[in-house]
Every structure is written in structure tokens, then in C-alpha cells.
Amino acid sequence: MGRTNNFSSIAFFLLLLILGCSAAPIPKLRARPQPCKRMVFYFHDIIYNGHNSKNATAAIVGSPAWGNRTILTGQNHFGNMVVFDDPITLDNNLHSTPVGRAQGFYLYDKKDIFTAWIGFSFVFNSTEHNGSINFAGADPLMNKTRDISVIGGTGDFFMARGIATLSTDAFEGEVYFRLRVDIKLYECW
Amino acid sequence: MGRTNNFSSIAFFLLLLILGCSAAPIPKLRARPQPCKRMVFYFHDIIYNGHNSKNATAAIVGSPAWGNRTILTGQNHFGNMVVFDDPITLDNNLHSTPVGRAQGFYLYDKKDIFTAWIGFSFVFNSTEHNGSINFAGADPLMNKTRDISVIGGTGDFFMARGIATLSTDAFEGEVYFRLRVDIKLYECW
Amino acid sequence: MGRTNNFSSIAFFLLLLILGCSAAPIPKLRARPQPCKRMVFYFHDIIYNGHNSKNATAAIVGSPAWGNRTILTGQNHFGNMVVFDDPITLDNNLHSTPVGRAQGFYLYDKKDIFTAWIGFSFVFNSTEHNGSINFAGADPLMNKTRDISVIGGTGDFFMARGIATLSTDAFEGEVYFRLRVDIKLYECW
Chain B
1 MGRTNNFSSI AFFLLLLILG CSAAPIPKLR ARPQPCKRMV FYFHDIIYNG
51 HNSKNATAAI VGSPAWGNRT ILTGQNHFGN MVVFDDPITL DNNLHSTPVG
101 RAQGFYLYDK KDIFTAWIGF SFVFNSTEHN GSINFAGADP LMNKTRDISV
151 IGGTGDFFMA RGIATLSTDA FEGEVYFRLR VDIKLYECW
Chain W
1001 MGRTNNFSSI AFFLLLLILG CSAAPIPKLR ARPQPCKRMV FYFHDIIYNG
1051 HNSKNATAAI VGSPAWGNRT ILTGQNHFGN MVVFDDPITL DNNLHSTPVG
1101 RAQGFYLYDK KDIFTAWIGF SFVFNSTEHN GSINFAGADP LMNKTRDISV
1151 IGGTGDFFMA RGIATLSTDA FEGEVYFRLR VDIKLYECW
Chain E
2001 MGRTNNFSSI AFFLLLLILG CSAAPIPKLR ARPQPCKRMV FYFHDIIYNG
2051 HNSKNATAAI VGSPAWGNRT ILTGQNHFGN MVVFDDPITL DNNLHSTPVG
2101 RAQGFYLYDK KDIFTAWIGF SFVFNSTEHN GSINFAGADP LMNKTRDISV
2151 IGGTGDFFMA RGIATLSTDA FEGEVYFRLR VDIKLYECW
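Heads up: the protein sequence lines correspond to chains B, W and E, in order.
Just so you know, we're using this note's numbering here: the first sequence kicks off at 1 and counts up by one.
Just so you know, we're using this note's numbering here: the second sequence kicks off at 1001 and counts up by one.
Just so you know, we're using this note's numbering here: the third sequence kicks off at 2001 and counts up by one.
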């Protein structure tokens, strides 16, 4: 009798667990999960300033009425849109062999402080990685680190989703910016 | 004997359930699911028009060859790109304490009627919310409501996905626009 | 006694299975899965060039300092941003009845070769499809096919994710481009 009861209650408990498990929406962990893939890269942005057309990897292509497209405008560059095609390296050396290109745009979007919105892709074409990772999000430049979204991927990064933590690793005036990107994927197919 | 059979069949039934549960692809509901999180906010867009640089929260930064960047062009503003940094409020009052900033851009993309494409983030920094929500999608402005995608999130909104329903809550000429955003997340981590 | 042991071990086995099942991360297939939805469309981009304002469906709205907004600039159009509102058709005929509009932007982002970054939506309004599909990604135009991400959807395409394979189906000079889009959704709600 006791055993029957035990059995029933264990079965019932299992059933509850199973139902909880099979019911959509899929249960999500409260604790932040571990990434299924993590990678760190650097990319190097050299903004055209009228004198560096040979080396420049980025150019201002939009500006507000009060600005121009050669020099970043006042008011924390508010309204400047920059298009870039920057080399991606595995370490923080601009002259290391690139493993791909960071391609896309950013726009300075605040008058009071430096902050930007960024949409871009990492396009890989190396022995190690093929495919692309797509990013979008707010980039409050003055913060030591800032998180943007990995919104998709192709090839080796098919259907990827996750978070990329950006940090400004170095800069020279308003011409050279080196960004460190710590990519943490939480959906890997 | 009877109990053994019962036990076996229950175990088998449980096993089937478990196998059904563990098999990828993840089962998706046919019926539209309930959001795992729902929030309503307002944001306030004041477009620079040459006379309001103190109050403006947005500026035209791109225009077609036939337009300029001070006044929205004819042909339903086709080709105008606007960058914005707008206050987010909990109610429809421009002067309420902001809970964050809506930052990004929209582009008017049709000659015949007003319609736009929008990419932006909600950047929260309040006692209640920290983190960001990233949005993208078509915004046919003349529709009473229009749905765009929540393509990702960070911080409190880590890995969020969902739908945001935009509606124009009020406007004054071509300078002030108040948007209501009904955010429905269907993936909450 | 034997039965008790059996029972315990089966229960333990079930429990292990359940725990394996309920633990996030959700198991993902190793082999590339089959799409849950697949659709092919064409869209037609006619870029304004100063002489075709009646037919043009796209216009240059951003350019680098060395370019203008009437004619695509040299250096592989690096820095040109184009806004578009293009008809979507089921076949490769520009004059077929459109089933929706492709709306968004692309930017040429490399000096050495043609390559672009693209963010846009398919906005459907036909008897067959209602809703929108949102896309973003790198578009290396010179490749026969290139994959971008489906980052979300609304209406019939609620919460969609997947891959879209673009190919240039035809072009005439630098004015008309016909794109074929093979949409493969891997998340269908």
C-alpha cells in the first residue's frame, strides 16, 4: 500500500515535470546561461578627414544641416553618419593579418554626450571562419563596455543570436578607433 | 502482476512524453502565444527645423539630391533620413521624467504616401529598468497601428525578441511627434 | 525487492531524461535543418539618376564628401546610401502585379570592390500574404549568391527568423537592379 502510494506520487511528480517541460513557452533559466560560443576580435576604424584618403576605412556620409561630411560636427557629432569597412584582427595590432571585415554604419545620435547607434556585420573569410555575424544596437561610446545584440548570422554562424560587448581599446584623436568585441552567442545551431 | 503492467505502461507513456519533449525542433504554438512580458511607453520626437535647435531631439542628416537637411522634402519626405535621441516617458506627457532614451534613425522611403523604415533602441537607465531593447522594421506612418520587430535586447532585456506596436499618439505640424509603443516580448530569458 | 530496485532505477532514468530535457540551453541540431517555410520573390530597384524621377524607386540620400547625391560616386560607390521602395513580384517581370514592397536602405561600404550593407523589410499586402519580414546583413554584391539574416517578422510572419539568399538576377547599367530573394525561415511560430 505504502509502495503504491509512493509509486503514484513519484509518477505524478514526474508527470508534472514532464508537462512543465513540454509546455510552450520554453522554460528559460533565471540565471544568465553560459554562451554556446565565445570569441574575441578587434576592429580598426580610420575615419576620412580630408587628408587620409589612402588609409581611411570609414567616411562621413550624412550630417545635419549645420555640419559637413569632411569633419565630424560639433555637439558631440550629433547627426553624423559614418560608413565603414574595417579590418578585423585577432589581436590589437592594426597590422596583423585581417581575418575578415567589419562592414556597416554608425550614427552619432546625441547632442550632450558621445553616443551612437550601430548596425554592421562581421564578414569572415579565413581558414578558421566563413560566414557573417550581424549586429545592431545602441553604443554609448563613453561607457567602458556596452552591449549590443547579435541579431543573426550566416555560414558558420547560421542563425546565431547573442550579445556583443564592445569596448574602445584605443583611439588617436578623432581619426583612429580600435574596438574590442567580445561576442557571446547563446543560440548556436 | 496488474501493478507491474500498470507501472510499465505508465513508464512507457512517460517515456513517449519525454522523447516528444526532448526532440528538436522545438514545438511552436499554432495559436498566437501570450507575451512573456508586456510594456507600454511613449517617446517624443522634436525635429530640428532651423529655428528650434535648443529643443530639437532629432535632425535630418540625409536627403535626396532635390532636398536639403533643414526642411523635410516634398514627395512625402522620400529620402529623408532622421537621427533621433528622444525621451521615453511612462505616460503621454512630454514633460514627465524620462525613464530612458529612444535612439536611432528613420528614413522616409516612399514617394506616394508617408512611410518609413526605422532602426532604434530603447536605452533604459531608471530604477525600474536597466539595459536596452533593439527594434527594426517598416513603419507605415499613416496606419493607426503598425508592428515592428524586437530584434534583441541587453541587460534586463537580455536576448529579448518580440513585436512592438507603434501608434502616433499626437503630432504638431511636422515638428513634434509622440509615439506610443506597446512592447510584447515572446522570448524572455 | 527486485521490483523495487527496477522501479527505482527506471524512475531515476526517467528523472535524468527529464532533467536533460528541461535544462536550457535547448538542444540544437548538428545537421542544417530544413526550413519551416520557404518562399522566392523578386524585387526591382530603379535608382534616381537625375533623369528618371517618374520611374525611380530609389534615391541616393547620403554620400561621402567627395561625392554627390545624383550620381553614384567613384571608388565603387563607397559611402553612398540609397533609400528604396521597390515593387516585389512573384516572377522576374518588373511589370507583374506587385505582391508587396521592399522598403529600406543599402550603403556601399567598400572602396576596392562593390559591397553593401542592407537593412529592409518586405511589406506584404496581398490576398496570399499579410505582414512583414525584416532583413539585415552584409551584401557582397559581386558574389553570385549572398546570405543575409531574417531578423524578425510580423503578421503572417510573426516572430520569423531565418536566412535570405540574395542574387542579382539582372541589371541595366547603374540604374536598374533586379534581386532574387530566396527566403528560408527556420523559426516559424
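Backbone N, C-alpha and C fix where the C-beta goes; we use that ideal spot for every residue, glycine too.
Please read these numbers as outputs of a predicted model, since none were measured by experiment.
Using the C-alpha atoms, what's the distance from residue j back to residue i?
| i | j | result |
| --- | --- | --- |
| B:Gln34 | W:Thr1073 | 49 Å |
| W:Leu1090 | W:Val1099 | 7 Å |
| W:Ile1183 | W:Ala1164 | 4 Å |
| W:Arg1161 | E:Asn2130 | 20 Å |
| W:Asp1086 | E:Thr2115 | 32 Å |
| E:Asp2156 | E:Val2040 | 16 Å |
| B:Val181 | B:Ser149 | 12 Å |
| E:Pro2064 | E:Tyr2048 | 18 Å |
| E:Gly2062 | W:Phe1120 | 19 Å |
| E:Thr2154 | B:Glu172 | 43 Å |
| E:Ile2046 | W:Pro1140 | 21 Å |
| E:Leu2029 | B:Trp189 | Per-residue confidence for E:Leu2029 stands at a pLDDT of 47, beneath the threshold of 50, marking its modelled position as unreliable; no derived number is given. |
| E:Ile2088 | W:Met1142 | 21 Å |
| E:Ala2058 | E:Gly2050 | 12 Å |
| W:Tyr1108 | B:Trp117 | 18 Å |
| B:Tyr106 | B:Met81 | 6 Å |
| E:Asn2052 | W:Trp1066 | 13 Å |
| E:Phe2084 | E:Gly2104 | 6 Å |
| W:Thr1145 | W:Ala1138 | 12 Å |
| E:Ile2060 | E:Tyr2176 | 14 Å |
| E:Ala2023 | B:Arg69 | The predicted position of E:Ala2023 is uncertain, since its pLDDT is 44 and thus under 50; a value taken from the coordinates is nonetheless stated next. The straight-line gap from Cα to Cα measures roughly 52 Å. |
| W:Thr1097 | B:Tyr42 | 38 Å |
| E:Lys2054 | E:Ala2102 | 18 Å |
| B:Thr204 | B:Asn92 | Residue 204 of chain B is absent from the model: chain B starts at 1 and stops at 189. |
| W:Arg1032 | B:Ile113 | 42 Å |
| E:Ala2056 | B:Glu174 | 37 Å |
| W:Ser1126 | B:Glu128 | 42 Å |
By the criterion of Cβ-Cβ separation under 7 Å, what are the contact partners of residue i in chain W?
| i | result |
| --- | --- |
| B:Asp109 | Val1083, Phe1084, Asp1085, Gln1103 and Gly1104 |
I'd like the list of long-range same chain contacts for residue i, defined as Cβ closer than 8 Å, with 5 residues on each side in sequence excluded.
| i | result |
| --- | --- |
| W:Lys1111 | Gln1075, Asn1076 and Phe1078 |
| B:Ile151 | Asn134, Phe135, Ala136 and Arg161 |
| W:Ser1132 | Ser1121, Phe1122, Val1123, Phe1124, Gly1153, Thr1154, Gly1155 and Phe1157 |
| E:Pro2027 | Since pLDDT at E:Pro2027 reaches only 46, below the 50 mark, its modelled position is unreliable, and the value read off the structure follows with that caveat. Result list for E:Pro2027: empty, nothing under 8 Å. |
Would you say residue i touches the ligand SAH, meaning its beta carbon is less than 7 Å from a heavy atom?
| i | result |
| --- | --- |
| E:Thr2057 | The model depicted lacks the ligand SAH and carries no ligand whatsoever. |
Output, in chain order, the set of chain B residues within a Cβ distance shorter than 8 Å of residue i.
| i | result |
| --- | --- |
| E:Ser2121 | None at all; the shortest Cβ gap to chain B is about 14 Å. |
| W:Tyr1048 | Pro64 and Ala65 |
| W:Phe1154 | Checking the sequence shown, residue 1154 of chain W turns out to be Thr, not Phe. Neighbours of W:Thr1154 on chain B, chain order: Gly137, Asp147, Ile148, Ser149 and Ile163. |
Going by beta carbon distance, what residues of the same chain come within less than 6 Å of residue i, once the five residues before and after it are set aside?
| i | result |
| --- | --- |
| W:Leu1094 | His1044 |
| E:Leu2185 | Pro2035, Cys2036, Lys2037, Ala2160 and Gly2162 |
| B:Ala170 | Arg178 |
| B:Asp147 | Ile163 and Thr165 |
| W:Glu1187 | Arg1161 |
| B:Ile71 | none |
| B:Cys21 | With a pLDDT of only 42 at B:Cys21, under 50, the local geometry of the prediction cannot be trusted, and no value is derived from it. |
| W:Leu1019 | Annotation note: pLDDT 48 at W:Leu1019 (below 50); position unreliable, coordinate value reported separately. Excluding positions up to five away in sequence, the list is empty. |
Which bits of chain E does residue i rub up against, with CB to CB less than 7 Å?
| i | result |
| --- | --- |
| W:Thr1097 | Those within 7 Å of W:Thr1097 in chain E number zero; the least Cβ separation is about 31 Å. |
| B:Arg69 | Pro2064 and Ala2065 |
| W:Gly1079 | Ala2059, Val2061 and Val2083 |
Show which residues of chain B have a CB atom less than 9 Å away from the CB atom of residue i.
| i | result |
| --- | --- |
| E:Gly2032 | With the sequence shown as reference, residue 2032 of chain E is identified as Arg, and Gly is not the correct amino acid for it. What E:Arg2032 touches in chain B: Phe158 and Trp189. |
| E:Tyr2176 | Result: empty, since nearest Cβ-Cβ is about 23 Å, beyond 9 Å. |
Determine the chain W residues that contact residue i at a beta-carbon separation under 8 Å, and present them in chain order.
| i | result |
| --- | --- |
| E:Asn2134 | Ala1136, Gly1137, Ala1138, Ile1148, Ser1149 and Ile1151 |
Counting only Cβ pairs nearer than 9 Å, list the residues of chain W close to residue i.
| i | result |
| --- | --- |
| B:Thr168 | The contacting residues do not exist; B:Thr168 stays about 17 Å from chain W at best. |
| B:Thr115 | Asp1085, Arg1101, Gln1103 and Val1123 |
Residues of chain B with a CB under 7 Å from the CB of residue i: which are they?
| i | result |
| --- | --- |
| E:Tyr2186 | Met159 |
Extract the residue ranges of the beta strand (DSSP E) inside the stretch 1071 to 1137 of chain W, only unbroken runs of 3 or more that lie entirely within it.
1081 to 1089, 1100 to 1108 and 1116 to 1125
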